[in-house]
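Take the sequence shown: its position 372, counting from 1, is numbered 372 in UniProt numbering, and each next residue is one higher. What follows is a set of notes on a single structure, which appears directly below.
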Amino acid sequence: MDGEWKRVAVPLLCAAGVSVLLLKWREQQKVKRKLQRAREKREKEIQQAEKAISLFKAQNSGVDLSSIVTLPLAELSQKIRGGSLKPDAVLHAYMEKALEVHKKLNCGTAVLIESLKQLEDIESHKDGLLYGIPVSIKDNVDYKGYDSTCGVLTKLNDPAIKDSVVVSVLKKQGAIPFIKTNIPQGLLNYECSNPIFGRTVNPCNLGKTCGGSSGGEGALIAGGGSILGLGSDIGGSIRIPAAFCGICGLKPTNNRISVRGLTSCVKGGKTALSAIGPMAHDVESLALCMRALLCTDMFTLDPTVPPIPFNQQVYESTKPLRIGYYENDGYLQPSPSMSRALRETKELLEKAGHKLIRFHPPQMFTAINEYVARGNLADGGATLLEHLKPGPVDPCLQYQAKHYGLPMFMKRMISLILRPIYPRMAALINATCGVSSPADLWKQHKVVEDYIQETLAEWEKLELDVLFCPMLGPAYNFNYTGQLNSALSYTALYNVLNFPVGVVPVTEVTAEDEAQLKHYTGNYRDVWDKTFVKAIRGGVGLPIAVQCVARPWQEEMCLRLMREVEELSAKNKHSKTHH
C-alpha cells in the first residue's frame, strides 16, 4: 500500500510543484512585459518630441533655442509678453533642453506631446500670469490621457480621465505643462528610483541621489531642463530634492493649493498632511507661481480651497522680523554643513537688523515617532505593500518594505529588545505597527491637534513672525534613504504641524565640513547616527540649504523670509569672492 501511494503521490506532487513554478514564471514574464511596454511608451514620446524639435528648427532657422533656456523666469516672461520671444520657440527650447538633461539624469517619466497642441490657442491666454511659460509636473499630478504611475505597477495603463485642478489652472494662466518627472516607488521614500523608469541622479554629482519624492523635478530644474515645476510634499518631498539639487522649493499649507487630481499610493491619512507646491531656481519664481495659482479659477474648480489670493504686500514688506531659530532639533544631530549653514545665515539676518530668538520645537521625540511615523503608517504599511506586491521592489525601498512586512508581534518584540540600548530605534520600530483601532486613530488626531496648538502657543509667547532651521543635507549616496527615516525630523515635523515651509540654498559643503564628519557622534549614538555619516560622506561641493517656516496660511510671510535669506546669501557670496 505504501509503495502504491508513493507511485501515485510523487508524480502528482512534482506536477503541482512544476505548475506552481510555471505560474510564477508566467507572472514574472507578465510583469516584465508590462515594464517593457511602459519604457517603450516613454521612448516613443521622446522620439516624437525630438521629431517636433527638428521640424521646428528646420522651419525657424534664425531662432537660437539655446539662449532661451539661460533666461531667468521674470526676464523670460517679459520677453514673451513683449513679443520678442514666441511661446512656440520657448516650448521647443525647453523640450530640447529637458531631453538633453533627461539623457544624463533619467528624470522624465512622460513627455506631454499634447503641450504642442496647446500652442494652437495659447494667444487666448495672453492675460495669464504664466503666459507661454513651459512647466514640468511631478509624475503623480494628473494630466489627462497620461498615467500617474507613482512608480508602481498597479497604476500603469490607467491614464487620468481629466487634468488635476492645478494643471487646469496652470493652463488657464497660459503655462504649458510639457513633461512629467520621476519619483521613488510608492512615493514614501526620499530617493528617486523605481522598477519602471529606473533611478534619477543628482545633477551636482552623478554619484549621489537627487532626493525624493519630487526627485525628477529637482534634478530637471537644477539641470536647466525646466524653469518652473510642481512637486508634492508629505514629509519633505519638495524640500529634500530642492535642497539636494541646490534649488528653491515651497511646501504650502495643506489645501492652500488644490490637491484634487493628485495621485498617491496611500490616500486618506490625516496626521501628516500632503501639499502641492512650486520648485524653481529662485524665490521670485516661486512667488510668481503662487500668485498665478491662487486665482478665481482655482477657487471655482475646487470650492474646498479657501479663497485667499496672494498677498503681495506681505511678500514685499521690508520691516524687521522676529525670527525664531534652532540648530539641533534633539532628534537628528545636524551634519557639520547643516550647522554651519544655519549659523552663517543667522549672523547675516542679525546684521540685516532682524531679531533672532532661540526656539525649541516641543516634544520632538514623540512628534517624530508617534505623529510622523505612526501617522504615516497608521495601517502598519499594509496599503503601500499592496501596491508593491505585483512587481519587483526597488533597491532603495527594500529595507523599508522588508521591515513593514514583518509580522506585528515580531516588530513589537524587536522594539522591546532594543528599548534599553537604542530608545530612538525602538520607538520608531514600534510606530511602524500603526494604530490598533479607529478609537486609537481618533485619539492620535486629537493629540496632534493639541500639539499644533502647543507649538503655536510657543510662537505667541516668543512673539515670532517666522522661524528658520536646518535643512537635511548634503545629498546622500545611493540606497541609504530607506534605512534613514529617522533623518526626516527637520522636514516631516512641518507636515504634522501643517505650517508652510520652504528651502533656500545658502552654501556648499567644504573640505572642513567633510573632515568634521570624523567627530560626528549624533544625538543618540545609535546605528542610525553611524549610517547617516555613511550616507552623506563624499559631499564636498554639494549644495546646502536652510528652511524658512511660517504659520498656517502665511505662505507670503514664508516666501518673504526666503527672499531675504536668498538676497543676503547672494550678497555675502559676492563680497567673499571679491575680497
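Cβ coordinates follow ideal geometry from the N, Cα and C atoms, glycine included. What you are looking at is a predicted structure, and each value in this text was computed from that prediction instead of being measured.
- Put simply, the region 313 to 326 touches the region 460 to 474. At least three CB pairs are less than 8 Å apart.
- Here His102 is buried, its C-beta having at least 16 other C-beta atoms within 10 Å.
- Your pair Phe499 and Pro552 checks out as a contact, with CB atoms roughly 6 Å apart and the cut at 8 Å.
- The C-beta separation of Cys396 from Asn189 comes to about 6 Å, placing the pair in contact by the 8 Å criterion.
- Here the alpha carbons of Gly246 and Pro184 stand approximately 19 Å from one another.
- Its Cα nearest to that of Cys548, the residue Pro252 stands out among Pro252, Val63 and Cys150.
- With a threshold of 16 other beta carbon atoms within 10 Å, His579 falls short and is exposed.
- DSSP, reduced to helix, strand and coil, places Gln547 within a strand of the structure shown.
- If you ignore the 5 residues before and after Pro309, its C-beta comes within less than 6 Å of the C-beta of Leu294, all in its own chain and listed in chain order.
- The Cβ neighbour count for His387, taken over all protein chains shown within 10 Å, is at least 16; the residue is labelled buried.
- The Cβ atoms of Ala110 and Glu45 lie closer than 8 Å to each other.
- When rounded, the separation of the alpha-carbon atoms in Lys171 and Gly235 is 28 Å.
- Classified as buried, Leu497 has 16 or more neighbouring CB atoms from the shown chains inside 10 Å of its CB.
- Three or more Cβ pairs drawn from the region 534 to 545 and the region 188 to 206 lie within less than 8 Å of each other, which places the two stretches in contact.
- Closest in alpha carbon position to Asn376, among Ala341, Ala431 and Arg199, is Ala431.
- In this structure, Leu385 sits near Gly405, with a CB-CB distance shorter than 8 Å.
- With respect to the 8 Å criterion, Val69 and Ala341 are not classified as neighbours on the basis of their beta carbons.
- Here the region 159 to 176 makes contact with the region 118 to 134; the two share three or more CB pairs at distances below 8 Å.
- Residue pairing by DSSP places Asp233 opposite Ala275 in a beta bridge.
- The three-state reading of DSSP puts Ala110 in strand, counting E and B together.
- DSSP places Asn205 in the uninterrupted beta strand (DSSP E) bounded by Asn205 to Thr209.
- Sixteen is the threshold: since fewer than 16 other Cβ atoms of the shown chains lie within 10 Å of the Cβ of Asn157, the residue is exposed.
- A straight-line Cα-Cα distance of about 7 Å links Leu428 and Ala373.
- Judged by DSSP in its simplified three-state form, Arg322 adopts strand.
- If you compare the alpha carbons of Trp528, Ala439, Ala98 and Leu559 with that of Gly482, the shortest gap goes to Trp528.
- Residues of the same chain with their beta carbon placed closer than 6 Å to that of Ser54 are lacking, with the five preceding and five following residues left out of the count.
- For Arg260, no beta strand (DSSP E) run applies, since DSSP gives it neither H nor E.
- In the structure shown, Pro303 falls within a coil segment according to DSSP collapsed to helix, strand and coil.
- Contact annotation: Arg260 and Val169 have beta-carbon atoms that are not nearer than 8 Å.
- Phe409 is classed as exposed because its beta carbon has fewer than 16 other beta carbons within 10 Å across all chains shown.
- Here Met290 is not near Ser258, since their CB atoms are 8 Å or more apart.
- Two segments are said to touch when three or more pairs of C-beta atoms, one from each, lie closer than 8 Å; by this definition the region 57 to 66 does not touch the region 414 to 425.
- In this structure, Asn182 places its C-beta atom within 8 Å of the C-beta atom of Asn106.
- Nearest C-alpha to Ala272 among Leu22, Gln29, Leu301 and Tyr494: Tyr494.
- The shortest CA-to-CA distance from Gln363 to any of Leu301, Ile452 and Ser437 is the one to Ile452.
- In the DSSP secondary-structure assignment, Gly198 is bridged to Asn194.
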